[in-house]
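First the structure, in the form of structure tokens, and then the observations on it.
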Amino acid sequence: MALDGNIQEHNSDAAHQLLTMCTHSYFDLTHVSPVVFLYLLKECYVRGKCKATMKFRSLQQTVHQVLYNAPRPGPAIFVARCLLVLPIFESHCEGFSHLLISALRRFLINGTTKEDMLEAKFLASKLFLNTVGGIGHDERILIKILEVFDVKLEDIGKVICNPDVKDENNLNAAKEFIKQYILNLVESKSYMTAVTLLEHFGFCQFGEAFLLKMMEHKEYTAAEKWAAFMGKPMLCVLVQEYLDRSMLKNAYNVIRNNSLKDEFPEAYHKGKESSIKKFAEKGLWDIAEERTNKNKQHLEYLVYLAMEAGYFEKAEELRERHALEGFANLDELQASLPKTRFFDLNELALDGIKWVDDVSGLRDATCHIEGCKVIGIDCEWKPVYEKGKKPKVSIIQIASEKMVHILDLIKLFEDVPEVLDNCLTRIFRSSKVLKLGYNFQCDAKQLARSYESLECFKHYEMLLDIQNLFNEPRGGLSGLTKKILGAELNKTRRNSDWEQRPLTPNQLEYAALDAVVLIHIFAHFRGQSPQGWKAHILILEVLDQGTA
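Residue numbers (numbering that gives the first Met the number 0): 0 to 547.
Take a look at the structure:
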């Protein structure tokens with residue numbers, strides 16, 4: 000079996016022999032002892048070229064594969080025996096323990112023999128006793144060993160007493176041994192390990208006092224895990240403790256996650272409003288709206304938040320979409336609050352906004368843009384709130400002084416990727432057209448990530464980032480627009496669904512404004528400093544993997 004580059008190749012005979020030995024040994028584990036296997040694993044790790052994390056992942060894959068190569072007497076037993084002898088490898092013990100256990104966990108998805116698992120359980124129980132006795136492995140490894148080998152009380156009892164006899168004495172001995180160990184963990188404030196063991200072995204003897212002790216030591220995660228295991232009465236105690244400590248967010252999360260709304264209606268309502276307000280204050284109106292779950296009371300609260308923030312357009316949008324009535328006092332509130340003046344597209348006397356989603360429109364737009372001396376560029380993407388998921392740029396706006404073209408990148412890339420690449424390459428690499436952006440490096444990275452196969456988003460000539468012309472970065476483009484042009488941009492439209500088709504008139508106006516105001520801000524700066532902007536022109540190269 001190949002070692003996927005984990006062994007560093009040398010020209011020396013010794014290194015070549017090591018590589019040959021490892022490859023042969025991993026190919027057939029029939030006559031390879033755990034000690035030899037671990038030694039070879041260590042050599043692979045020490046000599047590997049990659050960084051530690053990459054080496055770990057690669058070796059994990061290797062170990063998972065070699066478990067299929069006939070280790071004797073069985074894969075689970077082989078891993079258990081490796082874990083038993085791992086402490087002699089000292090500094091590699093902890094890392095290799097995680098590696099072996101994770102590889103076995105993955106292997107066991109496809110199952111193993113009953114005999115293999117029975118013997119492995121017995122060895123894992125020995126490992127448990129060794130760890131409790133302070134030999135070799137830490138608490139995190141102990142928990143993983145119990146879980147992956149599914150070690151039960153009777154398995155511990157066989158090791159403590161008589162492995163050939165299944166009786167009550169074995170079970171009682173195991174219970175007393177583990178309870179004492181858990182008490183020691185509690186004394187040493189290792190609450191999470193204690194709770195995990197209590198849950199694993201099904202011990203319910205610890206009660207409210209144990210929960211309060213964890214709360215006193217601010218071990219809230221462990222307390223919540225314990226309360227969830229114990230059930231609804233203990234969860235209610237936990238919620239009340241949070242409320243007594245003015246920890247509304249924690250209380251609300253427990254109430255929401257464990258269906259305790261009826262038990263704590265007032266706390267749930269306050270927590271819900273707090274959650275909605277948090278997202279509204281960050282300008283994440285779509286999430287705030289989603290969090291209302293279309294509850295009328297919470298929707299009305301969101302409308303009030305929009306009004307208080309001066310976002311009357313957002314308030315009206317919410318009222319219309321959800322048919323909310325009975326807001327007579329909102330009109331009074333709107334009249335009493337200082338109004339924020341937002342920039343209006345009509346003030347710019349544009350000839351129009353053109354939506355581009357086919358070849359004909361794309362070619363016409365390209366011809367128009369190539370004839371301009373200055374253009375403004377911006378792009379939009381649907382917000383992503385799911386961890387690990389990357390956003391995809393949906394549209395790119397390219398504005399001249401009198402016209403804004405909005406390109407539907409998703410459709411154009413799907414229908415005519417080569418034409419799109421060619422047209423945008425001509426624009427972005429032109430040395431005759433000055434391209435204006437605001438914090439454009441961020442946009443360039445997102446474009447390159449979203450459309451990795453296109454060359455057009457990897458190189459920009461004659462680029463000028465408007466942000467670099469001013470010394471006051473606060474407030475972003477909206478703040479700069481207010482300072483230079485006298486009105487803000489309505490940023491409540493930013494975090495919307497830019498993948499919906501057709502876009503709403505408000506979305507089109509927002510997208511167009513973000514690009515065209517760059518030209519007007521630049522004109523103002525050039526009027527005050529006719530030559531000063533030239534020193535800020537740059538060539539932007541977007542490197543592989545979306546890094547600029």
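Quick reminder that beta carbons are idealized off the backbone N, C-alpha and C, glycines included.
With respect to residue 462, residue 434 sits close: the two C-beta atoms are nearer than 7 Å. Shortest Cα-Cα distance from residue 451 to any of 262, 507, 437, 408 involves 408. Residue burial is scored here from C-beta neighbours: residue 51 has fewer than 16 other C-beta atoms within 10 angstroms and is therefore classed as exposed. Each of 148, 191, 200, 459 was checked against the Cα of residue 173, and the nearest Cα belongs to 200. Secondary structure at residue 402: strand, using DSSP grouped into helix, strand and coil. In the DSSP assignment, residue 380 is bridged to 392.
Take residue 313, set aside five residues on each side of it, and the residues of its chain with a beta-carbon closer than 7 Å to its own are 284, 305, 491, in chain order. Rounded to the nearest whole angstrom, the CA to CA distance from residue 385 to residue 321 is 26 Å. Residue 494 and residue 282 do touch by the CB rule: their CB atoms are close to 6 Å apart, below 8 Å. In this chain, the beta strand (DSSP E) harbouring residue 352 covers 351 to 355. In the three-state reduction of the DSSP assignment, residue 150 falls in the coil class, being assigned neither a helical nor a strand state.
Taking every protein chain shown into account, the CB of residue 293 has fewer than 16 other CB atoms within 10 angstroms, so this residue is exposed. Three or more Cβ pairs closer than 8 Å define a contact, and the region 526 to 542 falls short of that threshold against the region 359 to 377.
Excluding residues up to 5 positions away in sequence, 391, 392 lie with their Cβ nearer than 6 Å to the Cβ of residue 449 in the same chain. Inter-residue distance for residue 286 and residue 237 is about 28 Å (C-alpha atoms, whole angstroms). DSSP lists no beta-bridge partner residue for residue 285.
7 Å or more divides the Cβ of residue 363 from the Cβ of residue 402.
Counting along the chain, no beta strand (DSSP E) covers residue 507; the unbroken alpha helix (DSSP H) around it starts and ends at 504 to 527. Our two residues, residue 159 and residue 77, have alpha carbons roughly 22 Å apart in a direct line.
Here residue 445 is buried, its C-beta having at least 16 other C-beta atoms within 10 Å. The alpha-carbon separation between residue 195 and residue 43 amounts to approximately 34 Å. By the CB criterion at 7 Å, residue 414 and residue 396 fall outside the cutoff. A distance below 7 Å between beta-carbons, with the five flanking residues on each side excluded, links residue 168 to the following residues of its chain, in chain order: 160. Membership of residue 177 in the alpha helix (DSSP H) is indicated by the continuous run 167 to 186.
Between the beta-carbon of residue 213 and that of residue 225 there is about 7 Å, and that keeps the pair under the 8 Å contact cut. By a beta-carbon distance limit of 8 Å, residue 515 does not contact residue 484. Their separation comes to about 11 Å. Membership of residue 496 in any alpha helix (DSSP H) is not indicated, and neither H nor E is assigned to it by DSSP. Contact between residue 488 and residue 502 fails: their C-beta atoms lie close to 17 Å from each other, not under 8 Å. In the displayed model, residue 97 falls within a helix according to three-state DSSP. Residue nearest to residue 136 within the set 116, 113, 157, 91 is 91 (criterion: CA-CA distance). For residue 483, the secondary structure class from DSSP, reduced to helix, strand or coil, is helix.
Across the set 405, 180, 178, 36, the C-alpha of 36 shows the shortest separation from the C-alpha of residue 70. Closest in C-alpha terms to residue 525, from the list 496, 216, 469, comes 469. Under the rule that a run must span 4 or more residues, the alpha helix (DSSP H) segments found entirely inside the region 412 to 441 read 416 to 427. Distance check between residue 416 and each of 437, 456, 210 places 456 closest, using alpha-carbon atoms only. Within the model, the alpha-carbon separation for residue 340 versus residue 315 is close to 16 Å.
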